[in-house]
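Shown next, in structure tokens, is the structure this report addresses.
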Amino acid sequence: MPTIEELNEQVIAFLKQDELDYPAGAAKFGAAVLPLLKLLIDGNDENLAIKAAYLAGYIKHDSVAEIITNAASNKFTAVRVAAAYGSQKLSAADASKVLDKSLDDVDPGVLKVAIRSVESLNIAKNFKAKLGNIGKVQLDLNVKGFANDLIKKIK
């Protein structure tokens, strides 16, 4: 069994690859690496932060919801996109905490993924007001269209 230092080195080596198999990485490393992933997400290396956020989303553990929720406020846009995407792997209640932040983001890429996550989780009713606001004020016509289309699907 590797030490935590060896495990951390293995995770960083994994994250530095060009092509990643996130589900396999999550299965291999598990919850033991979540403290490292949190540090990487909060760090200054954007590439590692993005990949760490995606990997965290694939790990099944109670602390993942908090890590992904915090990532939704990250300084790097792509990490916020990863958080919005990662919300799809959480319970509806935990995902709602992430998506509440993501749907307030100013970046169209974050909004697009957040709207898709809301639809994927079938929780659009919970975000009708936010989706309506995006549908009215968003300058990106694709994002505006996604929001308005989803509002029409709410029963």
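Sequential numbering of the sequence shown, starting at 549, is according to our numbering. Ideal Cβ positions, reconstructed from N, Cα and C, are used throughout, including at glycine. Since the structure is predicted, the reported quantities are computational estimates derived from the model, not experimental observations.
Asked, Found
"Below 7 Å between beta carbons: does that hold for V540 and R628?", "Because residue 540 is not part of the residues shown, which for the chain are 549 to 703, the question remains open."
"For I671 and E554, I'd like the C-alpha separation in whole angstroms.", "40 Å"
"Is Q686 buried or exposed, if buried means 16 or more other CB atoms sit within 10 Å of its CB?", "buried"
"If we ignore side chains and look at the alpha-carbon of each, how far apart do A620 and L647 end up?", "8 Å"
"Does I702 come out as helix, strand or coil in the three-state DSSP assignment?", "coil"
"Give the DSSP-derived three-state secondary structure of A631 in the structure shown.", "helix"
"Quick check on this structure: which residue in L638, S650, N556, K645 has the alpha carbon closest to the alpha carbon of H609?", "L638"
"Taking the alpha helix (DSSP H) that I598 belongs to, which residues open and close that run?", "594–606"
"Which complete alpha helix (DSSP H) runs does the segment 641–683 hold, if anything under 4 residues is left out?", "656–668"
"When you compare each of Y633, L679, D642 to L651 by their alpha carbons, which one comes out closest?", "L679"
"Express the C-alpha separation of S611 and G578 in angstroms, rounding to a whole number.", "12 Å"
"Just to confirm, are I598 and G605 a CB contact at a threshold of 7 Å?", "no"
"If you draw a straight line from the C-alpha of N592 to the C-alpha of V581, how long is it?", "18 Å"
"Taking the C-alpha atoms as reference points, what is the distance between I552 and I589?", "18 Å"
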